[in-house]
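Student: Just dropping this structure here.
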Amino acid sequence: MKKIVIIGAAFIVAIGGIVAFGVVNKSSKASTSNVIKIGGVFDTSGDASSYGKAEQDGANFATKQINANGGVKVNGKSYKFKIINKDAKTDNTETASVTSSLINKEKVSAIVGPVITSGVQAAVPVATQGKTPMISPTAGADNITLQKNGNVQPYVFRAQYKNSFMGTKMAQFATETLKAKNIVIFQDNSSDYGTGITSAFKKAFKGNVVDVESYQEGTKDFQAVLTKIKDKKFDAIAINGYYTEGGAILKQMRDMGIDVPVIGPDGIGDPKTAEIAGNKNTSNVYYAAHFSVDAPATKVSAPFAKAYKKAYGKYPSQFTALAYDSVRMIKAAIENENSTSKSAITKGLANLKNFDGVTGKMSIDKDHNPVKSMVMVGMTDGKESSAVVVK
């Protein structure tokens with residue numbers, strides 16, 4: 042997931058409004074009102090806003106559907122979710138500040154977010170001090186759920202898989218589906234996102250890595266490095282970075298006549314990739330995804346996509362789907378523990394098993410990471426044209 046310093050239900054029903062308001066108990070004790078406050082920490086401005094806006098939409102949509110479908114059931118009582126969203130502005134200081142406000146002022150019982158890894162790292166001390174469970178939809182760096190001593194961060198969870206898992210599955214797809222024998226890798230070395238995925242990819246790839254070319258966030262001209270590799274023997278290129286630079290690489294390599302398949306992580310899976318590269322240059326391109334309309338992961342995936350399209354006039358992105366699942370995971374944790382307390386939600390998330398998410402059936406492992414499958418989405422002329430589940 043996105044840059045800066047990314048150190049990466051049953052049946053769907055018609056949408057209803059959030060109809061109940063109240064105050065959540067200030068302590069970790071179960072709520073005595075009929076409202077459970079959930080905080081949303083989303084970067085709706087700044088460099089990660091493309092992801093943050095999509096995730097905020099997903100969290101809001103899940104909240105509305107849960108409330109319209111009877112709410113959260115605890116001890117025979119029905120509770121409503123009230124989501125309070127804050128813009129973290131793709132800024133670590135702001136992220137810590139809004140997280141503190143949600144915990145200490147708004148008295149939320151759980152948090153969805155932050156969006157990016159560096160944001161999660163900024164929020165962890167605040168969430169830990171406030172003993173508030175926090176589930177990031179899209180932070181992918183391997184270490185965010187772990188303390189420096191290797192022990193798990195007790196209050197930190199995520200809905201997306203680790204970056205190393207993504208790199209491994211990308212290599213599997215390149216080998217088994219694309220039949221690639223020789224590959225060139227471009228990596229964003231501004232953060233652990235690009236380098237971490239590359240490291241895992243290289244370990245898992247069965248063929249030959251011809252070259253690894255590193256670039257910095259913000260690089261726009263790739264002509265020199267593309268000229269350097271053009272005459273080498275390779276049958277695929279991996280772009281381990283984000284859409285801004287990935288789109289530029291794609292456009293410039295296609296303009297130079299380099300027409301081999303391109304694979305990338307979820308950071309490439311944004312409509313802006315095709316906007317930057319041009320639709321005609323965005324064919325034979327594949328990216329790791331957490332959700333695809335064309336490859337429903339569970340029985341709730343297709344109904345979710347249909348309902349979201351009816352509400353918003355477009356299909357949900359993978360980032361929207363991950364935030365949607367994050368809210369539903371909190372609901373499942375509450376109902377499984379039969380309690381609305383923060384400690385119960387934390388325990389419920391840690392023990393979540395065989396959860397039917399729209400992004401896949403998942404179980405949370407001992408390090409608070411989801412165990413699930415991955416989708417590789419293919420693009421033709423800038424549009425999604427195929428989807429393959431990589432197990």
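Residue numbers (my numbering): 42 to 432.
For every residue, glycine included, the Cβ atom is placed at its ideal position computed from N, Cα and C.
Once the 5 residues before and after D98 are set aside, which same chain residues still bring their CB inside 6 Å of it?
Tutor: Mapped onto the sequence shown, residue 98 falls at position 57. Hits under 6 Å: T361.
Student: Can you give the Cα-Cα distance for F275 and N223, rounded to whole angstroms?
Tutor: Here residue 275 refers to the residue found at position 234 of the sequence shown. Here residue 223 refers to the residue found at position 182 of the sequence shown. Near 5 Å, if we compare the C-alpha coordinates of N223 and F275.
Student: Thinking just about the alpha-carbon of each residue, which of G319, G354, I79, V326 is nearest to the one in M29?
Tutor: No information on residue 29 is available, as it lies outside the stretch 42 to 432 that the chain covers here.
Student: In angstroms, rounded to a whole number, what distance separates the CA positions of M211 and M420?
Tutor: Position 170 of the sequence shown, counted from the start, is the residue given in the question as residue 211. Position 379 of the sequence shown, counted from the start, is the residue given in the question as residue 420. Between M211 and M420, the C-alpha separation is close to 15 Å.
Student: Would you call the CB atoms of T136 and V197 closer than 8 Å?
Tutor: Here the question's residue 136 lines up with position 95 in the sequence shown. Here the question's residue 197 lines up with position 156 in the sequence shown. Cβ atoms of T136 and V197: not closer than 8 Å.
Student: Take G208 and list the residues in its own chain whose beta-carbon comes closer than 6 Å to its own, dropping the five residues that flank it on each side.
Tutor: On the sequence shown, residue 208 is found 167 positions in, with the first residue counted as 1. Excluding positions up to five away in sequence, the list reads I238, A241, F242.
Student: Given I290, which residues of its chain have a CB within under 7 Å of its CB, disregarding the five upstream and five downstream residues?
Tutor: Taking the first residue of the sequence shown as position 1, residue 290 is located at position 249. Closer than 7 Å at Cβ, skipping near neighbours: F227, F263, I280.
Student: Taking Cβ to Cβ, would you say N325 is nearer than 8 Å to D422?
Tutor: Translated into positions along the sequence shown, residue 325 becomes position 284. Translated into positions along the sequence shown, residue 422 becomes position 381. Not closer than 8 Å, so no.
Student: Residues bridged to I433 by DSSP?
Tutor: Residue 433 is absent from the structure shown; the chain starts at 42 and stops at 432.
Student: If you scan the stretch 224-301 from start to end, which runs of the alpha helix (DSSP H) of 4 or more residues do you find wholly inside it?
Tutor: Complete alpha helix (DSSP H) runs here, min 4: 233-245, 264-271, 284-296.
Student: Could you give the distance in angstroms between the alpha-carbon of A343 and the alpha-carbon of G401?
Tutor: By one-based count along the sequence shown, residue 343 stands at place 302. By one-based count along the sequence shown, residue 401 stands at place 360. When rounded, the distance between both Cα atoms is 12 Å.
Student: Would you say D335 reaches chain B, if we count a Cβ-Cβ gap shorter than 8 Å as a contact?
Tutor: Absent from the structure is chain B; it holds one protein chain and no more.
Student: I'd like the list of long-range same chain contacts for G87, defined as Cβ closer than 7 Å, with 5 residues on each side in sequence excluded.
Tutor: Here residue 87 refers to the residue found at position 46 of the sequence shown. So the list reads K130, T131, D132, once near-sequence residues are dropped.
Student: Could you please give the first and the last residue of the uninterrupted alpha helix (DSSP H) stretch that includes Y356?
Tutor: Position 315 of the sequence shown, counted from the first residue, corresponds to residue 356. From DSSP, Y356 is part of no alpha helix (DSSP H); its letter is neither H nor E.
Student: Helix, strand or coil for F102, going by three-state DSSP, please let me know.
Tutor: By 1-based counting over the sequence shown, the position of residue 102 is 61. Here F102 sits in helix by DSSP.
Student: Which whole runs of the beta strand (DSSP E) in the stretch 137-181 are 3 residues long or more, in chain order?
Tutor: Segments of the beta strand (DSSP E) lying fully in the stretch 137-181: 151-153, 175-177.
Student: Leaving out five residues before and five after D183 in sequence, what residues of the same chain have Cβ atoms less than 7 Å from its Cβ?
Tutor: The residue you call residue 183 lines up with position 142 of the sequence shown. Same-chain partners within the cutoff: K203, N204, S205, G237.
Student: When you compare only the Cα positions, how much space is there between P306 and H331?
Tutor: For the purposes of this step, residue 306 is identified with residue 265 of the sequence shown, where counting begins at 1. For the purposes of this step, residue 331 is identified with residue 290 of the sequence shown, where counting begins at 1. In a straight line, the C-alpha of P306 is about 10 Å away from that of H331.
Student: Please determine, among G154, S404, V303, K351, the residue with the shortest C-alpha to C-alpha distance to T173.
Tutor: Along the sequence shown, read from residue 1 onward, the residue named residue 173 stands at position 132. That would be G154, whose Cα lies nearest to the Cα of T173.
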